[in-house]
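Everything in the sequence shown is counted per full-length UniProt numbering, starting at 1 for the first residue and increasing by one. First up is the structure itself, then whatever we jot down about it.
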Amino acid sequence: MLRYDRSRYIALGLPALLNALALPLYAHQITTSGSSDEYAVPFYLIIALACGLFGVSAMIKRCRDIGSSAWGILLGFLFAPPLMLLVALVLIFAPSNPAADQLEAPALRPTFDIWFTGFLLLAIPWMPVLLVRAL
């Protein structure tokens with residue numbers, strides 16, 4: 001699928017972006033509090049990077065749906081990552097453009113399985129964190 005409509009972006013892209021933001025903050029909290037599991041911080045950052053790549057992919061697909069260039073998203077992440085948080089929120093409210101991408105038809109409305117996958121994307125990255133914390 002080359003494009004995400006608004007609801008598919010909310011279901012699949014935002015959970016990944018939220019985890020990509022929350023996991024480094026959690027890792028920072030661990031390092032500053034002097035916790036005994038500082039050894040796991042690189043592991044948390046790798047999970048955050050994977051979530052971030054999935055979120056960037058969703059942002060690019062959403063940009064294709066609204067008729068914007070994906071290069072702007074990629075360059076934005078290289079030169080102004082904090083600004084990309086604002087762009088991620090703006091993509092929620094931007095209307096779709098049916099004629100924007102002629103490579104494929106507009107995406108269908110997400111079904112229950114897409115929303116459930118979004119919930120899993122929100123919860124699954126924290127399972128290894130809980131496992132490492134328990135060790």
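Yeah, the Cβ is synthetic: ideal placement off N, Cα and C, and Gly gets one too.
Run of the alpha helix (DSSP H) containing residue i, from where it starts to where it stops
i: leucine 45; result: 41-66
i: alanine 134; result: 126-134
i: alanine 123; result: 112-123
i: alanine 11; result: Element bounds for alanine 11: n/a, residue is neither H nor E.
Close beta carbons around residue i, own chain, < 8 Å, minus the five adjacent residues each side
i: methionine 84; result: Met59, Ile73, Gly76, Phe77
i: alanine 88; result: Gly13, Leu14, Leu17, Gly55, Met59
i: residue 145; result: A query on residue 145 cannot be resolved here, the shown segment of the chain reaching from 1 to 135 and no further.
i: leucine 23; result: Tyr44, Leu45, Ile47, Ala48, Cys51, Pro125, Val129
i: asparagine 97; result: Asp65, Ile66, Gly67
Among the options, nearest to residue i - alpha-carbon criterion
i: lysine 61; options: Ala94, Leu130, Ile47, Val132; result: Ala94
i: valine 129; options: Ile46, Ser7, Ala11; result: Ile46
i: glutamine 29; options: Leu17, Leu120, Tyr44; result: Tyr44
i: cysteine 51; options: Leu120, Arg109, Thr117, Asn19; result: Asn19
i: serine 69; options: Leu53, Pro81, Pro82, Leu91; result: Leu91
i: leucine 131; options: Thr111, Ala40, Arg109; result: Ala40
i: serine 7; options: Ala123, Thr117, Met127; result: Thr117
i: arginine 3; options: Gly34, Leu25, Met127, Leu108; result: Leu108
Spatial neighbours of residue i in its chain, beta-carbon cut-off 7 Å, leaving aside the 5 residues before and after
i: arginine 133; result: Asp37
Own chain residues within Cβ distance below 6 Å of residue i, not counting five before or after
i: tryptophan 115; result: Ala11
Secondary structure, alpha helix (DSSP H): runs of 4+ residues fully inside the region 69-109: 70-79, 81-93
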